[in-house]
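Notes to accompany the following structure.
Residue numbers (the numbering used here): 136 to 250.
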């Protein structure tokens, strides 16, 4: 199983980006999909999570600005990021969890918010 994350880049404050994470290979029943981010010297933090049942969770700092969604047919999870701020700058990672609670991580995509 491989997760391929894409969509990162350089954007000005107030701008938008959409991250994608596509899974290839066979994953036994996806339990949840999530996006994390990490900056140098800090622990990786959960940004948004989407369960199989459709429940979503966001960290407070992105509520109202970020939206996590999925395309089941494509085994792809998205993170729409609007009103980006410099403090959103980080490497973003996607993670899938299956019903055996195995975690599958993508390789990370860099988001830089700067003028």
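A virtual CB, placed ideally from N, CA and C, is assigned to each residue, including glycine.
Quick check: what's the CA-CA separation for residue i versus residue j?
i: residue 155; j: residue 178; result: 22 Å
i: residue 145; j: residue 162; result: 32 Å
i: residue 92; j: residue 192; result: The requested residue 92 does not occur in the structure, where the chain is confined to residues 136 to 250.
i: residue 181; j: residue 201; result: 13 Å
Helix, strand or coil, according to DSSP, for residue i in the structure here?
i: residue 136; result: coil
Exposed or buried, which one is residue i when buried takes at least 16 other CB atoms within 10 Å?
i: residue 236; result: exposed
i: residue 225; result: buried
i: residue 188; result: exposed
Would residue i and residue j be called neighbours here (beta carbons separated by less than 8 Å)?
i: residue 138; j: residue 246; result: no
i: residue 169; j: residue 184; result: yes
i: residue 164; j: residue 238; result: no
Per DSSP, residue i forms a beta bridge with which residues?
i: residue 180; result: 172
i: residue 158; result: 138
Any Cβ of chain C within less than 8 Å of the Cβ of residue i?
i: residue 162; result: Reference to chain C is not applicable here, since this structure consists of a single protein chain.
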